[in-house]
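There are 2 protein chains.
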Amino acid sequence: MRNIKMTIKYDGSRYKGFQRLKDNDMTIQGKIEDVLSKMTNEHIEIIGSGRTDMGVHARGQVANFKTNSKLSLKKMQDYLYNYLPEDIVITELEEVEERFHSRYNVKSKTYLYKIDNNKYHDPFTRRYTTHIEKKLNIDLMREASEYLVGEHDFTSFASSKSKKKSNVREIHSIVINENNNMIDIYVQGNGFLYNMVRIIAGALIDVGSKRKTPQDIKIMLENKDRSKSSDTAPAKGLCLYKVTY
Amino acid sequence: MRNIKMTIKYDGSRYKGFQRLKDNDMTIQGKIEDVLSKMTNEHIEIIGSGRTDMGVHARGQVANFKTNSKLSLKKMQDYLYNYLPEDIVITELEEVEERFHSRYNVKSKTYLYKIDNNKYHDPFTRRYTTHIEKKLNIDLMREASEYLVGEHDFTSFASSKSKKKSNVREIHSIVINENNNMIDIYVQGNGFLYNMVRIIAGALIDVGSKRKTPQDIKIMLENKDRSKSSDTAPAKGLCLYKVTY
Numbered sequence: 001m002r003n004i005k006m007t008i009k010y011d012g013s014r015y016k017g018f019q020r021l022k023d024n025d026m027t028i029q030g031k032i033e034d035v036l037s038k039m040t041n042e043h044i045e046i047i048g049s050g051r052t053d054m055g056v057h058a059r060g061q062v063a064n065f066k067t068n069s070k071l072s073l074k075k076m077q078d079y080l081y082n083y084l085p086e087d088i089v090i091t092e093l094e095e096v097e098e099r100f101h102s103r104y105n106v107k108s109k110t111y112l113y114k115i116d117n118n119k120y121h122d123p124f125t126r127r128y129t130t131h132i133e134k135k136l137n138i139d140l141m142r143e144a145s146e147y148l149v150g151e152h153d154f155t156s157f158a159s160s161k162s163k164k165k166s167n168v169r170e171i172h173s174i175v176i177n178e179n180n181n182m183i184d185i186y187v188q189g190n191g192f193l194y195n196m197v198r199i200i201a202g203a204l205i206d207v208g209s210k211r212k213t214p215q216d217i218k219i220m221l222e223n224k225d226r227s228k229s230s231d232t233a234p235a236k237g238l239c240l241y242k243v244t245y
Numbered sequence: 001m002r003n004i005k006m007t008i009k010y011d012g013s014r015y016k017g018f019q020r021l022k023d024n025d026m027t028i029q030g031k032i033e034d035v036l037s038k039m040t041n042e043h044i045e046i047i048g049s050g051r052t053d054m055g056v057h058a059r060g061q062v063a064n065f066k067t068n069s070k071l072s073l074k075k076m077q078d079y080l081y082n083y084l085p086e087d088i089v090i091t092e093l094e095e096v097e098e099r100f101h102s103r104y105n106v107k108s109k110t111y112l113y114k115i116d117n118n119k120y121h122d123p124f125t126r127r128y129t130t131h132i133e134k135k136l137n138i139d140l141m142r143e144a145s146e147y148l149v150g151e152h153d154f155t156s157f158a159s160s161k162s163k164k165k166s167n168v169r170e171i172h173s174i175v176i177n178e179n180n181n182m183i184d185i186y187v188q189g190n191g192f193l194y195n196m197v198r199i200i201a202g203a204l205i206d207v208g209s210k211r212k213t214p215q216d217i218k219i220m221l222e223n224k225d226r227s228k229s230s231d232t233a234p235a236k237g238l239c240l241y242k243v244t245y
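Residue numbers (full-length UniProt numbering), protein chains in the order written: chain Y, 1 to 245; chain C, 1 to 245.
Structural data, given as structure tokens:
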């Protein structure tokens, strides 16, 4: 069987998230599987690098699927482009070795959290940014982010619904760029707990707006207690930017 | 009475255009007038710099209105921000002399036409760009645009529905930028006929895709015949970028 890796860009606004739920639910996975199954006359299931929540976007989500179809990659990509809704686009298709697995083989993931820090939000980016009216202090946010880089127990930064055996993860880097009051927060790590990037974004917003100090973030991390940390920032500002293998 | 000038940014996707139509129609003008009338307890009519069509966007539309309200500009702007839908934002409010008129006093207007020239469209900009799959030749488009700059009779570039006394207008400049297959066409002029920028965009797309030569554009202009020129490019790629007084 062929094993095919796909890179997916999507505007998650209309969807209940990446992962397939019940058959009639709007999910990215569901939409892609339906088109692939129709294309190949097979029952196709795709394996995503991980789920993204309701309303979260992606520029570089990765998934793979197995098929006996003899269609060329180019024909597949054109078929997918023509039959998927316009808010989901497959940007790359690649044939990979049979043992490649989109979830197990992840080396690192990069998420991008976007904040519109202008007094009034921009109508053109409103679906893909979180608007924070109060001017954020970027230097303080950068200082706070340094406490999060490295290997830590991120219990304080995971939804209490998260049921992983271990909450230890490694964040490789957090880069914060600002341009015309648009703030981009890139968080790269070897794995993320449920809601982890959105809680990190919430904590950095708390610091930027001086409700918390950078040192509070260090204490928050040491507390290992979700109930004492920051709110989860809105889904629409979050984007799965890149998955590395 | 106070005369107040406003700069308006809007995502026109949901609207039947700028200009107020019947009372229940979705128009930008209608939405703004409703909020201003509620705010001032007066019957407010705004004067726009000109209409924009159904589905066309604006980054710098200008309008003015007269009022006896004593509210500060800051309070007005906050009120408008809170009560307007999130796809319409007033970016500036300014008190101007009584004789200022948003339409009569226009010195020049700049429109921006955006083309996504990647093989597959970008889901995040799909509402604000026109997707052209075939690679466009920018140099040919620039060469063609030079024939349009200057004072000309633009009959070939106006909707046949346009009923102006004269079709002579002056285009000051056409600037075409390309970055990562995203093409921005800025057209600045002293006035524009109905659909003029969209027909210019259609003609430049014809040249870029080699259906027409740059010299064809010169002939098209000289023909003064709408029926022999290019198709009107889609509304969603167009944005009223700036109005100068």
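Using N, Cα and C, we set each Cβ at its ideal position, and we do this for glycine too.
{"Query": "Going by beta-carbon coordinates alone, are residue 244 (chain C) and residue 108 (chain C) separated by less than 8 Å?", "Result": "yes"}
{"Query": "According to DSSP, what are the bridge partners of residue 180 (chain Y)?", "Result": "None; residue 180 (chain Y) has no bridge partner."}
{"Query": "Using a Cβ cut-off of 8 Å (strictly closer), state whether residue 111 (chain Y) contacts chain C.", "Result": "no"}
{"Query": "So, are the CB atoms of residue 204 (chain Y) and residue 52 (chain Y) less than 8 Å apart?", "Result": "no"}
{"Query": "Between the region 187-194 of chain Y and the region 100-117 of chain Y, can you find at least three pairs of beta-carbon atoms closer than 8 Å?", "Result": "yes"}
{"Query": "Within the chosen definition, does the region 40-57 of chain Y reach the region 208-228 of chain Y through at least 3 CB pairs nearer than 8 Å?", "Result": "no"}
{"Query": "Beta-carbon of residue 7 (chain Y) versus every beta-carbon of chain C: anything under 8 Å?", "Result": "no"}
{"Query": "Keeping to the same chain, check which residues put their C-beta closer than 6 Å to that of residue 183 (chain C); ignore five residues upstream and five downstream.", "Result": "115, 117"}
{"Query": "Assuming contact is defined by CB atoms lying nearer than 8 Å, are residue 54 (chain C) and residue 16 (chain C) in contact in what I supplied?", "Result": "yes"}
{"Query": "Under 8 Å between the Cβ atoms of residue 7 (chain C) and residue 120 (chain Y)?", "Result": "no"}
{"Query": "Whose C-alpha, out of Y:32, Y:82, Y:210, is nearest the C-alpha of residue 133 (chain C)?", "Result": "Y:82"}
{"Query": "In three-state terms, what does DSSP make of residue 126 (chain C)?", "Result": "coil"}
{"Query": "Could you tell me how far apart the beta carbons of residue 212 (chain Y) and residue 153 (chain Y) are, in whole angstroms, since I believe they sit closer than 8 Å?", "Result": "Not really, about 19 Å apart at Cβ, beyond 8 Å."}
{"Query": "8 Å is my cut-off, CB to CB: does residue 241 (chain Y) come that close to chain A?", "Result": "Chain labels in this structure do not include chain A; the protein chains are Y and C."}
{"Query": "Looking only at its own chain, which residues have a Cβ that is under 6 Å from the Cβ of residue 66 (chain Y), when we skip the five neighbours before and after it?", "Result": "1, 3"}
{"Query": "So for residue 157 (chain Y), helix, strand or coil by DSSP?", "Result": "helix"}
{"Query": "Per DSSP, residue 48 (chain Y) is paired with what?", "Result": "Y:63"}
{"Query": "Using only the alpha-carbon positions, how far apart do residue 103 (chain Y) and residue 26 (chain C) sit?", "Result": "46 Å"}
{"Query": "Around the Cβ of residue 175 (chain Y), are there at least 16 other Cβ atoms within 10 angstroms (buried) or fewer (exposed)?", "Result": "exposed"}
{"Query": "DSSP three-state label for residue 139 (chain C), please.", "Result": "helix"}
{"Query": "Determine the chain Y residues that contact residue 89 (chain C) at a beta-carbon separation under 8 Å, and present them in chain order.", "Result": "120, 121, 122, 123"}
{"Query": "Could you name the residues of the same chain whose beta carbon sits closer than 7 Å to that of residue 164 (chain C), not counting the 5 residues immediately before and after it, in chain order?", "Result": "193"}
{"Query": "Does residue 126 (chain Y) have its Cβ less than 8 Å from a Cβ in chain C?", "Result": "yes"}
{"Query": "Taking DSSP as the reference, what is the three-state secondary structure of residue 221 (chain Y)?", "Result": "helix"}
{"Query": "In its own chain, which residues sit with a C-beta less than 8 Å from the C-beta of residue 63 (chain Y), not counting the 5 before and 5 after it?", "Result": "5, 6, 8, 29, 32, 46, 47, 48, 49, 102"}
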